[in-house]
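Enquirer: First the structure, which I've put down as structure tokens, then a few questions once you've had a look.
Numbering (this note's numbering), first residue to last: 37 to 207.
Take a look at the structure:
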């Protein structure tokens with residue numbers, strides 16, 4: 037009964053369960069991405085791209101810490117779940133690596149395609165939870181998640197810049 041009372045006091049309480057489920061999914065996705073970024077970094081040939089992947093690895097560690105902060109601010113244990121979407125995106129990235137690893141002129145362009153698919157998934161995910169947090173009045177969560185959303189967009193823009201200035205040109 038107390039749970040029902042709590043939910044009725046919160047604006048758009050019906051979103052709370054979805055919000056928490058999405059946070060768990062994102063936490064799982066970020067943890068999975070750490071392994072994927074190691075593989076992308078190893079496969080990249082251009083220094084700018086390698087550096088971008090290494091930087092995003094470090095940012096991803098920070099994203100995980102921020103997600104833990106959000107869970108804490110909500111009074112919920114920070115537990116992720118296996119993200120099937122990220123699993124599929126990383127599986128596709130591995131296929132790209134296998135298919136193009138012997139084509140140094142194309143590998144970086146192919147890796148950027150795989151990485152941007154991941155970034156767009158993350159942008160969609162973080163955009164959704166930022167909106168949910170705003171609707172429910174979780175201002176701290178909205179700010180924390182918004183920082184990560186901004187970084188994901190910056191990474192996407194950096195990958196586009198590398199693609200246009202180097203990787204796609206050499207392909």
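Glycine included, each C-beta is placed from N, C-alpha and C at the ideal position.
Give the DSSP-derived three-state secondary structure of residue 115 in the structure shown.
Expert: The residue you call residue 115 lines up with position 79 of the chain shown. Three-state DSSP puts residue 115 in coil, outside helix and strand.
Enquirer: Please classify residue 143: is it buried, with 16 or more other beta-carbons within 10 angstroms of its beta-carbon, or exposed?
Expert: Taking the first residue of the chain shown as position 1, residue 143 is located at position 107. In the assembly as shown, residue 143 is a buried residue. Its beta-carbon has 16 or more other beta-carbons within 10 Å.
Enquirer: Quick one: complete alpha helix (DSSP H) runs, 4+ long, within the segment 93-160?
Expert: 120-136
Enquirer: Below 8 Å on the Cβ atoms is my guess for residue 76 versus residue 146; work out the distance and round it to an integer in Å.
Expert: Here residue 76 is taken as the residue at index 40 of the chain shown, counted from 1. Here residue 146 is taken as the residue at index 110 of the chain shown, counted from 1. Not a contact, Cβ separation roughly 10 Å.
Enquirer: State buried or exposed for residue 187, treating a residue as buried only when at least 16 other CB atoms are found within 10 Å of its CB.
Expert: What you label residue 187 is simply residue 151 of the chain shown in a count that begins at 1. With 16 or more Cβ atoms within 10 Å of its Cβ, residue 187 is classed as buried.
Enquirer: Residue 165 to residue 181, Cα distance in whole Å?
Expert: Translated into the one-based positions of the chain shown, residue 165 becomes position 129. Translated into the one-based positions of the chain shown, residue 181 becomes position 145. Each residue's alpha carbon lies about 7 Å from the other.
Enquirer: Taking the straight line between their C-alpha atoms, what separation do you get for residue 90 and residue 60?
Expert: Translated into positions along the chain shown, residue 90 becomes position 54. Translated into positions along the chain shown, residue 60 becomes position 24. Going from the Cα of residue 90 to the Cα of residue 60 covers about 24 Å.
Enquirer: One question on the structure: do residue 106 and residue 160 come within less than 9 Å of each other, judged by their Cβ atoms?
Expert: Your numbering for residue 106 matches position 70 in the chain shown. Your numbering for residue 160 matches position 124 in the chain shown. Going by C-beta atoms, residue 106 is not nearer than 9 Å to residue 160.
Enquirer: When you compare the CB positions of residue 203 and residue 72, do they come within less than 9 Å of one another, or not?
Expert: For the purposes of this step, residue 203 is taken as residue 167 along the chain shown, with counting starting at 1. For the purposes of this step, residue 72 is taken as residue 36 along the chain shown, with counting starting at 1. No.
Enquirer: With distance defined between alpha-carbon atoms, name the residue in 69, 113, 101 nearest to residue 119.
Expert: As a first step, residue 119 is located in the chain shown; it is residue number 83 there, counting from the start. Cα-wise, what sits closest to residue 119 is 69.
Enquirer: Around the Cβ of residue 54, are there at least 16 other Cβ atoms within 10 angstroms (buried) or fewer (exposed)?
Expert: Counted from its first residue, the chain shown places residue 54 at position 18. It counts as exposed.
Enquirer: My guess is that residue 162 and residue 184 are in contact by the Cβ rule of under 8 Å, so how many angstroms apart are they, rounded?
Expert: Along the chain shown, one-based indexing puts residue 162 at 126. Along the chain shown, one-based indexing puts residue 184 at 148. Right, the Cβ-Cβ distance comes to about 6 Å (below 8 Å), so this counts as a contact.
Enquirer: Determine the direct distance from the alpha carbon of residue 174 to that of residue 116, and round the result to whole angstroms.
Expert: The residue you call residue 116 lines up with position 80 of the chain shown. The residue you call residue 174 lines up with position 138 of the chain shown. When rounded, the distance between both Cα atoms is 20 Å.
Enquirer: Which same chain residues end up closer than 6 Å to residue 100 when comparing Cβ atoms and leaving out the 5 residues on each side of it in sequence?
Expert: Start at 1 with the first residue of the chain shown, and residue 100 comes out as number 64. If we look at residue 100 and ignore the five residues flanking it on each side, its Cβ neighbours are 66.
Enquirer: Among the candidates 189, 62, 80, 195, whose CA atom is the shortest distance from the CA of residue 134?
Expert: If you number the chain shown from 1, residue 134 lands on position 98. Of the candidates 189, 62, 80, 195, the one whose C-alpha sits nearest the C-alpha of residue 134 is 80.
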